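K.L.:
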Amino acid sequence: MTATSITTTNETPFVVRLEAFSGPLDLLLHLIREQEIDIADIPIARIADQFLEAIQVLELNEAADYLEMAAQLLRIKIQMLLPQPFDDEAWEDPRAELVRRLLEYEQIREVADWLSQQASEHSGRFTRGWVPEPPQLPPRPIAVSVEELLVAVEQMVEAMPEPMLHRVVPRPLDVEGATQRILGLLETREELSLLDAIGEARGIVDVLSALLALLELARLGRIRIAQRKAFGSLRIKRERDLATA
Amino acid sequence: MNAISQLLEAALFSADHPLTVDELRRLLPEGSDEELQARLEELREHYEVGGHGVELIEVGDGYQVVSRRHLAEAIAEARIVARPRKLSRAALETLAVIAYRQPVSRAQIEDIRGVSVEGVLRSLQERGVVEVVGRADGLGRPLLYGTTPALLELLGVRTLEELPRLEELSVALRPPTEAGELGEP
Amino acid sequence: MNAISQLLEAALFSADHPLTVDELRRLLPEGSDEELQARLEELREHYEVGGHGVELIEVGDGYQVVSRRHLAEAIAEARIVARPRKLSRAALETLAVIAYRQPVSRAQIEDIRGVSVEGVLRSLQERGVVEVVGRADGLGRPLLYGTTPALLELLGVRTLEELPRLEELSVALRPPTEAGELGEP
Chain S
0 MTATSITTTN
10 ETPFVVRLEA
20 FSGPLDLLLH
30 LIREQEIDIA
40 DIPIARIADQ
50 FLEAIQVLEL
60 NEAADYLEMA
70 AQLLRIKIQM
80 LLPQPFDDEA
90 WEDPRAELVR
100 RLLEYEQIRE
110 VADWLSQQAS
120 EHSGRFTRGW
130 VPEPPQLPPR
140 PIAVSVEELL
150 VAVEQMVEAM
160 PEPMLHRVVP
170 RPLDVEGATQ
180 RILGLLETRE
190 ELSLLDAIGE
200 ARGIVDVLSA
210 LLALLELARL
220 GRIRIAQRKA
230 FGSLRIKRER
240 DLATA
Chain F
0 MNAISQLLEA
10 ALFSADHPLT
20 VDELRRLLPE
30 GSDEELQARL
40 EELREHYEVG
50 GHGVELIEVG
60 DGYQVVSRRH
70 LAEAIAEARI
80 VARPRKLSRA
90 ALETLAVIAY
100 RQPVSRAQIE
110 DIRGVSVEGV
120 LRSLQERGVV
130 EVVGRADGLG
140 RPLLYGTTPA
150 LLELLGVRTL
160 EELPRLEELS
170 VALRPPTEAG
180 ELGEP
Chain A
0 MNAISQLLEA
10 ALFSADHPLT
20 VDELRRLLPE
30 GSDEELQARL
40 EELREHYEVG
50 GHGVELIEVG
60 DGYQVVSRRH
70 LAEAIAEARI
80 VARPRKLSRA
90 ALETLAVIAY
100 RQPVSRAQIE
110 DIRGVSVEGV
120 LRSLQERGVV
130 EVVGRADGLG
140 RPLLYGTTPA
150 LLELLGVRTL
160 EELPRLEELS
170 VALRPPTEAG
180 ELGEP
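Protein chains in written order, with numbering that gives the first Met the number 0: chain S, 0 to 244; chain F, 0 to 184; chain A, 0 to 184.
What follows is the structure, given as structure tokens:
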């Protein structure tokens with residue numbers, strides 16, 4: 000998008016950069032306020048022309064909202080040209096709805112300014128950056144609502160693939176892979192549970208691989224497997240950590 | 000600092016969100032609410048009087064320790080903490096509509112803003128400041144959107160009532176029809 | 000507290016990792032290393048003497064302000080460290096399939112969602128919203144999953160029948176596919 004130079008009636012033309020506007024109402028309000036036009040009595044023909052001039056530089060994909068407004072402006076322009084009925088009381092100003100929308104939008108714009116200011120001020124107050132991992136607690140509580148569930152259903156149905164056949168592929172034990180994974184986890188974490196050690200995949204093959212890897216690592220003295228109390232869950236630690244703890 | 004203020008401080012330094020009175024109460028099962036309030040006040044004053052780099056503020060329905068505003072620039076310049084990304088103009092306007100009109104459908108927002116808001120609505124949801132709060136009756140049962148407590152944290156306010164009242168806005172002209180007016184936040 | 004200690008405190012508070020001497024130096028480009036050390040010592044002492052709930056410690060090659068260890072247990076018990084977390088898109092979709100199709104096997108869920116759900120299923124179980132409700136007949140006798148009463152509580156409904164029927168959703172307008180069709184709750 001580039002800038003357009005807008006022709007005004009009696010003053011010097013001014014330049015409008017479309018990317019500075021958040022939509023057609025924003026642009027329209029700008030034209031009105033810039034020229035100090037009384038919003039209750041908008042010279043619709045002039046404003047419509049200026050609006051069309053301004054959006055000439057729009058690319059097609061971003062034009063829809065602006066074109067809709069342009070059409071509305073032209074419709075109002077034509078309605079204004081129609082002869083008014085004698086009974087002035089009954090005449091409804093074709094601009095009324097547009098004025099209402101503009102004023103409503105102007106309020107929104109002002110609130111948006113306030114929000115921006117407030118958020119910017121508060122963004123200078125940094126919150127706590129580092130918080131400890133909750134030790135040995137049940138997983139975090141979750142928040143879920145019926146609405147979220149429904150949205151999920153819809154999104155899923157939209158993306159639903161063709162039915163697929165479920166295939167079963169037998170796999171050999173992978174003790175070496177499990178060993179590497181467990182050691183990798185212990186690089187970053189102090190302690191693992193048995194479930195952590197087994198990992199995401201929970202086939203019988205995966206569980207067996209992980210168990211064999213754990214036993215081998217314990218035998219080599221590289222990890223220690225501990226149980227805090229009878230029937231409690233197993234905790235897996237690096238041997239080095241235990242030495243320094 | 001007494002033992003309770005000490006515990007409160009430690010908790011406020013260990014949480015990733017403002018702590019509600021409910022949460023703080025769990026810390027001192029034997030203390031009364033008056034005691035809790037008194038201790039929080041003591042901690043607030045301690046930071047204030049002692050000239051600390053942090054302060055205790057109330058955000059949403061909770062209490063939070065935050066760094067002082069005037070230190071932000073030096074910390075950001077030292078590349079220790081990055082300031083959060085600013086919201087775009089489109090996002091701010093959409094937020095404004097939702098804050099004052101919630102629960103509100105996408106079509107209603109688009110009507111007020113005069114543009115499509117699909118993308119911006121999604122990014123506000125991803126940022127956690129807007130969420131689906133229900134469905135409207137009627138054709139197609141459109142989703143209705145509202146703001147979340149995370150918005151309060153973004154703005155550093157306790158309630159949406161701290162947003163400007165419409166009478167305070169400089170747009171003094173009233174819309175010609177009643178229907179056009181925004182509700183209170 | 001003087002201006003530099005104040006800045007150090009704010010930075011140590013808001014950083015998400017222990018700050019190295021290099022990083023701290025960036026905060027006071029004009030100060031010497033001696034000054035930095037003196038200010039850190041001052042801050043450490045301030046926490047110590049003032050009986051704060053936090054302390055300045057050295058971790059690896061960095062400095063960090065953390066809650067005092069003896070308070071950690073009370074904080075953990077009050078369960079205030081982490082706030083309720085929103086479910087991921089993947090978790091929500093999986094939960095939706097289970098809610099509307101239960102009892103359902105993992106393979107069936109994967110057929111519908113088109114991706115592996117092993118990890119998601121486990122975390123839903125850990126969170127107590129999904130459980131094993133039985134085993135299917137047939138090859139391998141796969142486990143069948145269903146939702147728990149805890150889910151109903153979270154959703155604020157008393158029975159699964161209170162969930163909107165699928166005909167009420169806009170998706171009901173789509174022609175059902177053979178395997179893809181979701182059953183009623």
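Just so you know, even glycine gets a beta-carbon here, dropped at the ideal spot from N, CA and C. Small disclaimer: the values here were computed from a predicted structure and weren't measured.
Report the residue from F:Q5, F:M0, F:L39, F:I3 whose alpha carbon sits nearest the alpha carbon of T19 (chain F).
P.N.:
Per the Cα distances, F:L39.
K.L.:
Could you tell me the alpha carbon to alpha carbon distance between M0 (chain F) and G50 (chain A), rounded to whole angstroms?
P.N.:
Between M0 (chain F) and G50 (chain A), the C-alpha separation is close to 5 Å.
K.L.:
So, with DSSP's three-state summary, where would you put L168 (chain F)?
P.N.:
Coil at L168 (chain F), not helix or strand.
K.L.:
Please state whether DSSP places V53 (chain A) in a helix, a strand or coil.
P.N.:
Looking at V53 (chain A) - three-state DSSP - the assignment turns out to be strand.
K.L.:
Can the beta-carbon of S66 (chain F) be found closer than 7 Å to that of V130 (chain S)?
P.N.:
No; because the gap between Cβ atoms is not below 7 Å, this pair is not in contact.
K.L.:
I want to see whether chain S comes within less than 7 Å of A37 (chain F), judged by CB atoms only; does it?
P.N.:
No, no contact with chain S.
K.L.:
For E8 (chain F) and chain A, any beta-carbon pair shorter than 7 Å?
P.N.:
Answer yes: the Cβ-Cβ gap between E8 (chain F) and chain A drops below 7 Å somewhere.
K.L.:
List the whole-angstrom C-beta distance separating V64 (chain F) from E8 (chain A), where the pair is believed to meet the contact cut-off of C-beta under 8 Å.
P.N.:
With a Cβ gap of about 11 Å, V64 (chain F) and E8 (chain A) do not count as contacting.
K.L.:
According to DSSP, is K236 (chain S) part of a helix, a strand, or is it coil?
P.N.:
Three-state result, K236 (chain S): strand.
K.L.:
Please confirm if R237 (chain S) has its CB atom under 7 Å from at least one CB of chain A.
P.N.:
Not closer than 7 Å to any Cβ of chain A, the Cβ of R237 (chain S) fails to qualify, so no.
K.L.:
With DSSP run on the structure shown, which of helix, strand or coil describes A135 (chain A)?
P.N.:
Residue state, collapsed to three classes: coil.
K.L.:
Output the boundary residues of the beta strand (DSSP E) element that contains E29 (chain F).
P.N.:
Where E29 (chain F) is concerned, there is no enclosing beta strand (DSSP E), given that its DSSP letter is neither H nor E.
K.L.:
Please confirm if Q5 (chain A) has its CB atom under 7 Å from at least one CB of chain F.
P.N.:
At least one chain F Cβ lies under 7 Å of Q5 (chain A).
K.L.:
Starting from the Cα of V98 (chain S), find the closest Cα among F:P83, F:S104, F:I111 and give me that residue.
P.N.:
The residue with the shortest Cα to Cα distance from V98 (chain S) is F:I111.
K.L.:
When we look at the beta-carbon of E167 (chain F) and count the other beta-carbons within 10 Å, is it buried (16 or more) or exposed?
P.N.:
Label assigned to E167 (chain F): exposed.
K.L.:
Taking the alpha carbon of E117 (chain A) as the reference point, which residue from A:A75, A:R100, A:T93 has its own alpha carbon closest?
P.N.:
If we check each option's Cα against that of E117 (chain A), A:T93 comes out closest.
K.L.:
Whole angstroms is fine: what's the gap from A135 (chain A)'s alpha carbon to A73 (chain A)'s?
P.N.:
Distance between the alpha carbons of A135 (chain A) and A73 (chain A): 45 Å.
K.L.:
Any beta carbon of chain F sitting closer than 7 Å to that of A98 (chain A)?
P.N.:
Not an interface residue.
K.L.:
Name the residue from F:A95, F:A37, F:R126 whose alpha carbon lies nearest to the alpha carbon of E160 (chain F).
P.N.:
The shortest Cα separation from E160 (chain F) among F:A95, F:A37, F:R126 belongs to F:A95.
K.L.:
Measuring straight from C-alpha to C-alpha, what distance separates S115 (chain S) and P141 (chain F)?
P.N.:
Going by the C-alpha atoms only, they are around 29 Å apart.
K.L.:
Go through the segment 26 to 107 of chain F residue by residue and report every complete run of the alpha helix (DSSP H) that reaches 4 residues or more, in order.
P.N.:
If we require 4 residues or more, the alpha helix (DSSP H) runs fully inside the segment 26 to 107 of chain F come out as 32 to 48, 71 to 76, 88 to 100.
K.L.:
I want to verify the contact list: residues of chain S whose CB lies under 7 Å from the CB of G118 (chain A), in sequence order.
P.N.:
The contacting residues are E199.
K.L.:
Can you list, in chain order, the residues of its chain whose CB lies under 6 Å from that of A225 (chain S), leaving out five sequence neighbours each side?
P.N.:
So the qualifying residues of the chain are R234.
K.L.:
Could you tell me which of A:H16, A:L123, A:V119, A:S31 sits nearest to D60 (chain A), measuring between CA atoms?
P.N.:
Comparing Cα positions, the closest option is A:H16.
K.L.:
May I ask you to verify whether the segment 79 to 94 of chain F touches the segment 31 to 46 of chain A, counting CB pairs closer than 8 Å and requiring at least 3?
P.N.:
No contact exists between the segment 79 to 94 of chain F and the segment 31 to 46 of chain A.
K.L.:
Does any CB atom of chain S fall closer than 7 Å to the CB of L42 (chain A)?
P.N.:
No, L42 (chain A) lies away from the interface with chain S (no Cβ there is under 7 Å from its Cβ).
K.L.:
Do the CB positions of L182 (chain S) and A196 (chain S) come within less than 7 Å of each other?
P.N.:
No.
K.L.:
Distance check for R223 (chain S) and A209 (chain S), CA to CA, integer angstroms please.
P.N.:
Rounded to the nearest angstrom, the two C-alpha atoms are 15 Å apart.
K.L.:
Among the residues of its own chain, which have a CB less than 8 Å from the CB of H45 (chain A), if the five just before and after it don't count?
P.N.:
M0, S4, H51.
K.L.:
Can you name the start and end residues of the beta strand (DSSP E) that L142 (chain F) belongs to?
P.N.:
Unbroken beta strand (DSSP E) run through L142 (chain F): 142 to 146.
K.L.:
Which first and last residues belong to the alpha helix (DSSP H) in which S192 (chain S) is found?
P.N.:
Where S192 (chain S) is concerned, there is no enclosing alpha helix (DSSP H), although the beta strand (DSSP E) it sits in stretches over 190 to 192.
K.L.:
For S115 (chain F), go through chain S and note every residue whose CB falls closer than 8 Å to its CB, in chain order.
P.N.:
Near S115 (chain F) (Cβ distances below 8 Å), the residues of chain S are A63, D64.
K.L.:
Given 8 Å as the limit, is there contact between the segment 91 to 111 of chain S and the segment 46 to 54 of chain S, that is, 3 or more CB pairs closer than that?
P.N.:
These segments do not touch.
K.L.:
Indicate whether at least one CB of chain S lies closer than 7 Å to the CB of L91 (chain F).
P.N.:
With 7 Å as the cut-off, L91 (chain F) counts as an interface residue toward chain S.
K.L.:
Give the single residue among A:L153, A:G145, A:L162, A:G139 whose Cα lies nearest to the Cα of I108 (chain A).
P.N.:
Answer by Cα proximity: A:G145.
K.L.:
Classify V119 (chain F) as buried or exposed, calling it buried when 16 or more other Cβ atoms lie within 10 Å of its own Cβ.
P.N.:
Classification of V119 (chain F): buried, given that the 10 Å Cβ count is 16 or more.
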